[in-house]
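S.K.:
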Amino acid sequence: MADLVFFTNPMSRGQTVRWILEEVGQPYDTEILDYATTMKQEPYLSINPMGKVPAIVHKGKVVTEVAAICCYLADAFPEANLAPPPQDRADFYRWIFFTSGPIEAAFSNKAAGWEPTADKQRMFGYGNYDLAINTLERALSSREYLAADHFTAADLFVGANVNFMLNFNLLEKRPTFVDYAKRMTDRPAFKRAKEIDGKLIAEAQAAQAQPA
1 MADLVFFTNP
11 MSRGQTVRWI
21 LEEVGQPYDT
31 EILDYATTMK
41 QEPYLSINPM
51 GKVPAIVHKG
61 KVVTEVAAIC
71 CYLADAFPEA
81 NLAPPPQDRA
91 DFYRWIFFTS
101 GPIEAAFSNK
111 AAGWEPTADK
121 QRMFGYGNYD
131 LAINTLERAL
141 SSREYLAADH
151 FTAADLFVGA
161 NVNFMLNFNL
171 LEKRPTFVDY
181 AKRMTDRPAF
191 KRAKEIDGKL
201 IAEAQAAQAQ
211 PA
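When we follow full-length UniProt numbering, the leftmost residue of the sequence shown carries the number 1, and every step to the right adds one.
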């Protein structure tokens with residue numbers, strides 16, 4: 001068994017972790033979990049009691065949450081050059097966690113058909129959807145890469161989220177977002193990851209279509 005084990009379902013946020021694993025380029029084993037069964041029972045609940053994917057176990061240490069996994073892998077495998085030097089990580093952390101916090105909350109609530117009223121917006125970290133999205137647009141329009149002069153885990157995480165939101169019509173197709181998503185996902189590692197998960201999805205769908 002590899003030192004690095006990836007727990008996922010191909011139809012999940014695990015696709016982002018698959019991408020960064022392919023960028024890292026180190027051997028890893030994959031455990032595919034089913035939403036209704038293996039994800040909600042032991043032994044997986046000992047890894048993530050939330051019964052959610054993705055998660056990784058690296059040399060016996062568990063990491064959950066996509067943003068945390070991306071930061072961890074960038075540190076654990078510095079040869080992949082997915083993080084700036086520690087003294088230059090202000091933007092790296094800022095935009096990863098802005099996206100995992102305010103942006104995800106804003107688009108999740110909007111997708112669910114709910115937004116805070118004007119008098120309640122101060123209770124929410126993102127204020128309102130337009131404020132969060134416009135802030136992200138300004139960040140992406142002012143530079144080629146978010147946190148360095150090259151692609152990092154910040155671009156991977158933010159790019160994956162922007163690409164997802166565009167594909168599911170959760171984000172207005174502004175030129176800044178469309179261009180950024182295209183540039184970030186036009187990478188061999190992204191294409192390998194999509195091919196792997198695409199095959200897993202097709203296999204699962206074929207298995208479900210077979211008569212009992």
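Note that CB positions come from ideal geometry on N, CA and C, so glycine has one too. Note that the coordinates shown come from a computational prediction; the quantities given were computed from them, not determined experimentally.
Using DSSP with H/G/I as helix, E/B as strand and the rest coil, what is F92?
M.R.: helix
S.K.: Nearest by alpha-carbon distance to N128: which of S141, W114, P54 and E144 is it?
M.R.: W114
S.K.: Spell out the partners DSSP gives T30 in its beta bridges.
M.R.: F6
S.K.: Could you check the C-alpha separation between A132 and Q210 for me, to the nearest Å?
M.R.: 45 Å
S.K.: Mapping DSSP to helix, strand and coil, what is A202?
M.R.: helix
S.K.: Helix, strand or coil for K59 per DSSP?
M.R.: Residue state, collapsed to three classes: coil.
S.K.: Would DSSP call T64 helix, strand or coil?
M.R.: strand
S.K.: Is the beta carbon of Y72 closer than 8 Å to that of P102?
M.R.: no
S.K.: For T117, count neighbouring Cβ atoms within 10 angstroms of its own Cβ and tell me buried if that reaches 16, exposed if not.
M.R.: By the neighbour-count rule (16 or more Cβ atoms within 10 Å), T117 is not buried but exposed.
S.K.: Let me know if D155 comes out buried or exposed under the rule of 16 or more other beta-carbons within 10 Å of its beta-carbon.
M.R.: So D155 ends up on the buried side.
S.K.: By the three-class DSSP mapping on this structure, what secondary structure does V53 have?
M.R.: In this structure, V53 counts as coil in the three-state DSSP scheme.
S.K.: Run through DSSP, which three-state label would S141 get?
M.R.: helix
S.K.: In three-state terms, what does DSSP make of A189?
M.R.: helix
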